[in-house]
Amino acid sequence: MDHSLFISDLHLCESRPAIINAFVSFLQETAIHANSLYILGDLFEYWAGDDAIALGKHEQSIHALNTLSQQGVELFLIHGNRDFLLGDTFAKAANLRILPDPSLISLYGTLTLLSHGDMLCTDDVDYQHFKAEVRSDAWKAQFLSEPLSNRIDYIESIRRKSEAEKSVKSMSIMDVNTVAVEALFLQHDCPPRLIHGHTHRPMQHQHHIKNNTYERWVLGDWYEKGSYLRVDKHGCHERQL
Ligand code: LP5
Ligand code: MN
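What follows is the structure, given as structure tokens:
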């Protein structure tokens with residue numbers, strides 16, 4: 007039956023080869039049967055710029071994506087907070103299309119909003135300030151003009167600072183804000199469904215806005231084991247690998 011798959015937060019990196027292998031197997035054995043695959047951010051542990059492709063650390067994953075696309079599965083990606091520097095060179099190498107965050111699509115007749123999800127964490131004020139700064143075109147251009155090795159060192163120092171800050175942030179601050187979720191539904195004329203990642207708290211939620219009910223599906227991360235959301239004309243189903 008016609009269906010599409012959704013994944014996010016794989017955080018692929020060369021120090022976790024098991025996840026890379028799980029991802030490649032998922033593409034070859036599971037995603038190959040889908041009409042389309044949507045990657046909703048943080049495919050990579052971090053992305054320092056498309057010139058990092060030449061380092062070869064992600065060759066296996068990029069090649070597997072390209073092959074899947076050539077086999078007829080449509081591939082889409084939304085940037086995550088870890089890999090928002092994925093650009094046109096990567097998109098071409100992987101043979102996929104980068105979509106804006108958020109994006110509204112029609113899935114087997116059901117309008118569905120897609121997002122990485124970090125934009126919904128509005129209580130995490132320090133993060134939102136950080137995000138606003140590093141996502142500006144000027145900041146990205148300046149950062150990408152630095153040598154690759156400097157960028158990688160810088161990202162690793164930010165990662166350490168981020169982990170230190172996260173250890174003292176409450177779980178509720180790092181979750182989505184319900185008012186922000188409802189505002190997103192309203193901004194898009196209330197589609198019945200939203201799918202996002204980022205929080206690593208896989209679950210189906212229901213939101214009630216003006217006497218109607220809206221579904222919000224949160225994808226899981228791939229730290230312990232892989233998971234995905236399968237969507238067909240009957241609805242959404244969470245699956246573990
Ligand atoms: O990713 P995750 O889930 O662990 O944590 C996020 C937020 N952290 C981040 C930072 C990334 O993990 C590391 C950077 C990724 C690479 C990006 C590529 C290139 C950019 C280079 C970076 C400068 O996104 C974390 C949230 C958490 O999600 C839950 O939502 O809480 O946010 C933070 O911890 C951020 C801190 O609160 C504030 C930022 C600290 C660093 C400030 C240094 C100053 C840099 C000035 C830049 C102009
Ligand atoms: Mn994220």
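Each residue of the sequence shown is one higher than the one before, counting from 7 in the numbering used here.
Built from N, CA and C at the ideal position, the CB exists for glycine as well.
Predicted model only: the values in this text are computed from it and were never measured.
1) How do the stretch 46 to 60 and the stretch 156 to 164 stand: do at least 3 beta-carbon pairs fall below 8 Å, yes or no?
2) Using only CA atoms, which one of L190, V237, I25, L11 lies nearest to E230?
3) Are the CB atoms of H122 and L46 within a distance shorter than 7 Å?
4) Do you know how far the Cα of A58 is from the Cα of P106?
5) Is it the case that the CB of H194 approaches a heavy atom of ligand 2 more closely than 6 Å?
6) Taking the straight line between their C-alpha atoms, what separation do you get for I68 and K216?
7) Would you check whether ligand 1 has a heavy atom nearer than 6 Å to the C-beta of I38?
8) Report whether the distance from the Cβ of Y52 to the nearest heavy atom of ligand 1 is below 6 Å.
9) Within the present structure, is the beta-carbon of D48 separated from the nearest heavy atom of ligand 2 by less than 6 Å?
10) For ligand 2, any of its heavy atoms closer than 6 Å to the Cβ of H204?
11) Does ligand 2 have a heavy atom nearer than 6 Å to the CB of N183?
12) What would DSSP say about M209, mapped onto helix, strand or coil?
In terms of the structure at hand:
1) yes
2) Position 224 of the sequence shown, counting from 1, holds the residue named residue 230. E230 has its Cα closest to that of I25, out of L190, V237, I25, L11.
3) The residue you call residue 46 lines up with position 40 of the sequence shown. The residue you call residue 122 lines up with position 116 of the sequence shown. Yes, they are a contact pair.
4) Numbered from its first residue, the sequence shown carries residue 106 at position 100. Numbered from its first residue, the sequence shown carries residue 58 at position 52. Rounded to whole angstroms, P106 to A58 spans 22 Å at the Cα level.
5) Walking along the sequence shown from the start, residue 194 turns up at place 188. No.
6) By 1-based counting over the sequence shown, the position of residue 68 is 62. By 1-based counting over the sequence shown, the position of residue 216 is 210. Rounded to the nearest angstrom, the two C-alpha atoms are 44 Å apart.
7) Start at 1 with the first residue of the sequence shown, and residue 38 comes out as number 32. The answer is no for I38.
8) Residue mapping note: residue 52 aligns to position 46 of the sequence shown, counting from 1. True, at least one ligand heavy atom lies under 6 Å from that Cβ.
9) For the purposes of this step, residue 48 is taken as the residue at position 42 of the sequence shown. Flag set: Cβ of D48 near ligand 2.
10) Here the question's residue 204 lines up with position 198 in the sequence shown. Because some heavy atom of ligand 2 lies under 6 Å away, the Cβ of H204 counts as near it: yes.
11) Counted from its first residue, the sequence shown places residue 183 at position 177. Outside the cutoff, so no.
12) As a first step, residue 209 must be located in the sequence shown, where it is residue number 203. DSSP places M209 in strand when its eight states are reduced to three.
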